[in-house]
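Chains as they are written, first to last, in this note's numbering: chain U, 113 to 223; chain S, 113 to 223.
C-beta atoms are modelled at their ideal positions from N, C-alpha and C, and glycine is treated no differently.
For clarity, every value in this text was computed on a predicted model and none was experimentally measured.
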DNA sequence: TTTGTATATAACCTATAGGGTATATTCAAG
DNA sequence: CTTGAATATACCCTATAGGTTATATACAAA
């Protein structure tokens, strides 16, 4: 499963967020998530196969930890787009700088 | 549909890549992709509803253009992870610097 | 006002992701 | 060597994503 597909699942993103903080046992995640234990285990398998998490066994317990490397690929895909929106935001900024009176009226509106 | 889910589909990422270059007609995309015209139109609808593309009509033709703003959200989710892998790569780099003899032997190997 | 072109929508089909429950597995403890 | 715990796997079920073909829509051109 491709990294993007793996990340499409909100629960899996949530798991990664939790693991970003520290290692966790499967049981910890089961408590933290609105999901059955097998459900959590299944997501962990997907994450493992994608290389996004690693496991360390300690007796019957399994400590899952984050492995962020595959996210580099996502970042790489994103890179050329980042330039585009930064250019756009810069242009907007310059525009606002050029007409400071309009700034107050525009506050809170979308692009 | 969430931005991450929209991007999970390879064809849709391909469409965005094509639109990054320049505006395109639906027909252009149909030619460029191994997909029927309705198939392309469906993906374009998903991209439109996600705010990732915009349309300009010219007679019967529709020019689709990229709208990169929703990608900011992806970038934001990624940000805290970026720090992590950068830290890891830095550590690796320092490690290699510390043992320069091993560098040649390690060339080409994965992490 | 018919015809052709470009695109969208409808209707349908199939594979599969993600959830649940039941069960297997693995190991420590007694 | 039986029991209890933590986790993984098997199996089933359902919703839906993504593909296709057929058709509707919108507009230019003739």
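Item	Value
Three Cβ pairs or more, each shorter than 8 angstroms: is that satisfied between the stretch 144-161 of chain S and the stretch 158-170 of chain U?	no
How many Å lie between residue 219/S and residue 190/U at the Cα?	Reliability of the predicted coordinates at residue 219/S is poor, the pLDDT of 45 falling under 50, and no value is obtained from them.
Keeping to the same chain, check which residues put their C-beta closer than 7 angstroms to that of residue 132/S; ignore five residues upstream and five downstream.	178
Going by DSSP in three states, residue 160/U sits in which element: helix, strand or coil?	helix
Near residue 164/S, which residues of its chain fall below 7 angstroms by C-beta distance, leaving aside the five closest residues on each side in sequence?	118, 128, 179, 182
Please classify residue 159/S as buried or exposed, where buried requires at least 16 other C-beta atoms within 10 Å of its C-beta.	buried
Under 9 angstroms, CB to CB, which of the residues in the stretch 117-147 of chain U have a partner in chain S?	117, 118, 119, 120, 121, 122, 125, 128, 129, 132
Under 8 angstroms between the Cβ atoms of residue 194/U and residue 187/S?	yes
How would you label residue 210/U, buried or exposed, when you count the other beta carbons within 10 angstroms and need 16 or more for buried?	exposed
Are the beta-carbon atoms of residue 185/S and residue 115/S separated by less than 8 angstroms?	yes
Does the distance from the C-beta atom of residue 176/U to that of residue 136/U stay below 8 angstroms?	yes
How would you list, in chain order, the residues of chain U whose beta-carbon sits under 7 angstroms from the beta-carbon of residue 194/S?	187
Please confirm whether residue 204/U has its beta-carbon closer than 8 angstroms to some beta-carbon of chain S.	no
When Cβ atoms are compared, which residues of the stretch 173-186 of chain U fall closer than 8 angstroms to chain S?	178, 180, 181, 183, 184, 186
Taking the DSSP output, what are the residues bridged to residue 169/S?	174/S
With DSSP as the reference, label residue 136/U as helix, strand or coil.	strand
By Cβ distance, which residues of its chain are closer than 7 angstroms to residue 145/U, with the 5 residues on each side in sequence left out?	123, 126, 152
Excluding the five sequence neighbours on either side, which residues of its own chain have a C-beta within less than 7 angstroms of the C-beta of residue 130/U, listed in chain order?	136, 141, 144
Quick one: give me the first and last residue of the alpha helix (DSSP H) that residue 119/U is part of.	115-120
State the start and end residues of the unbroken alpha helix (DSSP H) segment that holds residue 192/S.	183-210
Can you tell me whether DSSP reads residue 153/S as helix, strand or coil?	helix
Under 8 angstroms, Cβ to Cβ, is there at least one residue of chain U near residue 190/S?	yes
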